[in-house]
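Numbering (the working numbering), first residue to last: 5 to 163.
Glycine residues also receive a C-beta, built at the ideal position from the N, C-alpha and C atoms.
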Amino acid sequence: MYEVMTPEQKKSRYAEVTKEIAAVLDGETNLTARMATIGNILHHAFDHYFWTGFYLVDPEKPNELVVGPYQGSMGCLRIPFGKGVCGAAAASGETQLVDDVNAFPDHIACDARSESEIVVPVFNRAGDLIAVFDVDSDDKAQFDEADRDGLEAILKASF
5 MYEVMTPEQK
15 KSRYAEVTKE
25 IAAVLDGETN
35 LTARMATIGN
45 ILHHAFDHYF
55 WTGFYLVDPE
65 KPNELVVGPY
75 QGSMGCLRIP
85 FGKGVCGAAA
95 ASGETQLVDD
105 VNAFPDHIAC
115 DARSESEIVV
125 PVFNRAGDLI
135 AVFDVDSDDK
145 AQFDEADRDG
155 LEAILKASF
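Following this line, the structure appears as structure tokens:
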């Protein structure tokens, strides 16, 4: 089992991680390096993160996401916009916070151990969707507004 954090503890941890990510990424322009670093730092900063990573908008198939840098067990290779939690975030452009993935319409079980999930759309400076950032937990109801606020701020500042 892992440490259950209060929203206040999560906010504090996100504040620390935000500074660490900004310092490590300072001057790095490569998109893959930025994504791999963000995913790695966040994955190891929170015990409730089971799978952590990016699904990129495929330039050859702009209505599909393709797996990008991630930490954890095998991820799905492709996800169509509108399908599952990641596809819903891509289609809507809004963060999806799901307490029970098994109750989510069209949920895609890339790993059957996933129980809850948060997916944040990632936009470039021009406002174009370039990816979604997906975090799964192997326990229900592990994500809240502190996770939403922390992740949205990190991703907005990083891309």
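- By the C-beta density criterion, K23 is exposed, having fewer than 16 other C-beta atoms within 10 angstroms.
- In the three-state reduction of the DSSP assignment, L69 falls in the strand class, which pools E and B.
- Counting C-beta atoms within 10 angstroms of its own C-beta, V102 has 16 or more neighbours from the protein chains shown and is therefore classed as buried.
- The C-beta separation of D143 from E119 comes to about 5 Å, placing the pair in contact by the 8 Å criterion.
- With a threshold of 16 other beta carbon atoms within 10 Å, A27 falls short and is exposed.
- Per the coordinates, the alpha-carbon of G76 lies some 10 Å from the alpha-carbon of D115.
- Its Cα nearest to that of R117, the residue V139 stands out among V124, F127, V139.
- Scanning the segment 68 to 140 from its first residue to its last, the whole alpha helix (DSSP H) runs of 4-plus residues come out as 88 to 96.
- Per DSSP, reduced to three states, the secondary structure at V28 is helical.
- Approximately 7 Å separates the beta-carbon atoms of A93 and V124; this is inside 8 Å, confirming the contact.
- Nearest to M9 by alpha-carbon distance, out of H52, G43, Q100, A107, is H52.
- Here Y53 carries a coil assignment [DSSP, helix/strand/coil].
- Using a C-beta cut-off of 8 Å, the segment 38 to 48 makes contact with the segment 67 to 86, since at least three inter-stretch Cβ pairs fall below that distance.
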